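J.: Residue numbers (numbering that gives the first Met the number 0): 0 to 223. Virtual Cβ for every residue (Gly too), placed ideally from N, Cα, C. Note that this is a predicted model, so its numbers are computed, not measured.
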Amino acid sequence: MARIHTISLGMVNVYLLEGESNVLVDTGVQGSEQRILAKLKTLGIKPESIDLIIVTHNHPDHSGSVEALSRITAAKVLAHKLEYQAEANGLNDEVKPVTAMAKIIFGLAEKMSSNNKTIDQYQVDILIEDSYDLSPYGIAGKVITTPGHTQGSLSVIINDQAIIGDSLMALLPFSRPSKPLLAFDLDQIKKNISMLIDLGVNRFYLSHGKDYDVSVVKKALESF
Ligand SMILES: [Zn+2]
């Protein structure tokens with residue numbers, strides 16, 4: 000059975016799936032590669048043993064180091080087709096801030112990205128439109144499309160656990176998970192999470208926050 004390791008980069012987590020081969024889920028902001036490699040080393044995982052990098056969605060705190068890490072590890076990169084198109088067009092403008100605080104943060108992020116190049120162009124090897132079975136990588140699990148935060152947001156299901164990217168967020172150290180700051184369709188997110196609960200997912204891993212029991216996630220859905 001594949002193990003999920005949390006690699007915390009402070010503001011954002013990336014995840015390592017350790018199975019017969021190793022799969023990295025997300026890559027942090029641009030310039031995170033050395034921190035991630037150092038954490039992998041403490042787990043006894045060599046860069047060249049990473050065979051796949053899954054990009055849950057194309058925000059710069061998730062896809063920022065894809066280019067560097069795919070070069071160092073020679074891993075294939077998997078993303079949703081719609082995210083790759085969003086990448087080609089810059090920030091996904093379908094995504095709307097959902098709270099006043101989000102509007103402030105999002106405004107700043109937009110300003111920064113127009114001044115600096117925050118996302119490296121990166122090559123995607125596997126473009127999916129629906130789901131993707133991870134068994135060729137020796138991992139009993141799959142990638143599914145869970146749109147809502149962005150149009151092509153992905154989740155990864157391993158047994159009764161799911162990595163859900165930014166479908167929920169817990170932004171402050173002791174805050175409980177809640178709806179994400181940015182979304183184009185909150186109802187769809189709620190439906191996706193309910194679907195994961197119906198599939199038997201008991202533990203949810205967030206990019207901002209940590210991992211939570213299904214009972215906590217059910218409470219989070221009430222915030223929508
Ligand atoms: Zn995001």
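#1: May I ask whether a heavy atom of ligand 1 can be found less than 7 Å away from the beta carbon of Leu185?
#2: In chain order, which continuous runs of the beta strand (DSSP E) of length 3 or greater are located wholly inside the segment 34 to 77?
#3: Taking only heavy atoms of ligand 1 into account, decide whether any of them is closer than 7 Å to the Cβ of His25.
#4: Rounded to whole angstroms, what is the Cα-Cα separation between His4 and Asn191?
#5: Can you tell me whether Ser193 is helix, strand or coil according to DSSP?
#6: Rounded to a whole number of angstroms, what is the C-alpha to C-alpha distance between Glu221 and Ile71?
#7: Classify Tyr83 as helix, strand or coil using the three-state DSSP reduction.
#8: Using 8 Å for Cβ pairs, my map puts Ala182 next to Asn158. What's the rounded Cβ distance?
#9: Compute every distance between the C-beta of His79 and the non-hydrogen atoms of ligand 1, then say whether any falls below 7 Å.
#10: Measuring alpha carbon to alpha carbon, tell me which of Leu39, Glu19, Asp60 ends up nearest Gly30.
#11: In chain order, what residues of the same chain lie with their CB nearer than 6 Å to the CB of Met0, ignoring the 5 residues before and after it?
#12: Taking the continuous alpha helix (DSSP H) assigned at Val213, which residues delimit it?
#13: Under DSSP, the beta strand (DSSP E) around Ile162 begins and ends at which residues?
#14: Report yes if the C-beta of Leu181 is less than 7 Å from at least one heavy atom of ligand 1; otherwise report no.
#15: With respect to 7 Å, is the separation between the Cβ of His61 and the closest non-hydrogen atom of ligand 1 below this value?
#16: Among Ile156, Asp25, Thr41, Asp124, which residue has its Cα nearest to the Cα of Arg202?
#17: Counting by C-beta, which residues lie closer than 5 Å to a heavy atom of ligand 2, in chain order?
#18: So, at 6 Å on beta carbons, what are the nonlocal neighbours of Ser48 in its own chain, with the 5 sequence-adjacent residues on each side left out?
#19: Of the choices Ser166, Ser206, Lys209, whose alpha-carbon is the least far from that of Ser193?
#20: Let me know if Ile125 comes out buried or exposed under the rule of 16 or more other beta-carbons within 10 Å of its beta-carbon.
#21: Classify Lys218 as buried or exposed, calling it buried when 16 or more other Cβ atoms lie within 10 Å of its own Cβ.
#22: For the beta strand (DSSP E) that contains Phe203, what are its first and last residues?
T.: With the structure as the only source:
#1: no
#2: 49 to 53
#3: Just to set this straight, residue 25 is Asp in the shown sequence, not His. No; taking the cut-off as 7 Å, the Cβ of Asp25 has no heavy atom of ligand 1 nearer than that.
#4: One C-alpha to the other measures close to 23 Å.
#5: It is helical.
#6: 42 Å
#7: Looking at Tyr83 - three-state DSSP - the assignment turns out to be helix.
#8: Taking C-beta atoms under 8 Å as the contact rule, Ala182 and Asn158 fail to qualify, at a distance of about 27 Å.
#9: Incorrect: His79 has no Cβ contact closer than 7 Å to ligand 1.
#10: Asp60
#11: The answer is none, since no qualifying residue turns up.
#12: 213 to 220
#13: Unbroken beta strand (DSSP E) run through Ile162: 160 to 162.
#14: Leu181 has its CB nearer than 7 Å to a heavy atom of ligand 1.
#15: yes
#16: Cα-wise, what sits closest to Arg202 is Ile156.
#17: This structure does not include ligand 2; its bound ligands are ligand 1.
#18: Asn21
#19: The option with the nearest alpha carbon to Ser193 is Ser166.
#20: Classified as exposed, Ile125 has fewer than 16 neighbouring CB atoms from the shown chains inside 10 Å of its CB.
#21: Exposed is the call here.
#22: 202 to 204
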